[in-house]
Amino acid sequence: MSALCNPSSSSSSSSSSSSSSSSSSSSSSSSSSSSSSFSSSSSSSSSSSSSSSAERWCERYGELPGELLSVELEKERQGLGISLAGNRDRSRLSIFVVGLHPGGPAARDGRIRVGDELLEINNQVLYGRSHQNASAIIKSAASKVKVILLR
């Protein structure tokens with residue numbers, strides 16, 4: 001996991017949930033994960049595409065309060081092992097992690113936490129989308145999943 005734009009920020013997002021969707025996974029399969037390091041001032045990655053991605057995320061989400069993070073996970077047949085809920089405030093549609101399935105890819109990896117706000121999955125923007133729309137995007141994602149989140 002890597003902080004993208006606000007590495008020193010300590011604020012966090014909170015919301016009340018109106019609905020929940022679960023994407024469970026079995027604990028018998030193994031998963032692999034990776035992360036890359038970014039910051040708002042420079043990129044420690046030698047890849048120019050990683051740098052341009054970090055710049056794009058900072059430009060798109062840099063005004064949001066909290067720490068912007070990037071996490072890559074291997075999705076299993078049953079999903080990432082996260083439960084999601086939408087924000088009750090319809091003026092700002094947001095998707096939050098409300099639970100982690102024990103033994104699922106996200107729980108085993110340990111970088112995604114309850115309370116994190118999901119902003120993107122594999123370059124598809126979730127910020128501003130409904131809970132149902134976001135769940136469909138996650139379910140249709142490829143096996144390797146790159147999550148941009150706000151903590």
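Numbering (UniProt numbering), first residue to last: 1 to 151.
Ideal Cβ placement from N, Cα and C applies to all residues, glycine included.
Counted as a single uninterrupted DSSP element, the alpha helix (DSSP H) harbouring residue 133 occupies residues 131 to 139. Taking the CA atoms as reference points, residue 103 sits about 18 Å from residue 139. Under the three-state reduction of DSSP, residue 85 is assigned to strand. Residue pairing from DSSP places residue 124 in a beta bridge opposite 121. Exposed is the label assigned to residue 128, since fewer than 16 other Cβ atoms lie within 10 Å of its Cβ. For residue 108, the enclosing alpha helix (DSSP H) starts and ends at 105 to 109. Here residue 120 has 57, 126, 127, 146, 147 and 148 as same chain residues with Cβ atoms under 8 Å from its own Cβ, once five neighbours each way along the sequence are excluded. Beta-bridge partners of residue 74 (DSSP): 144.
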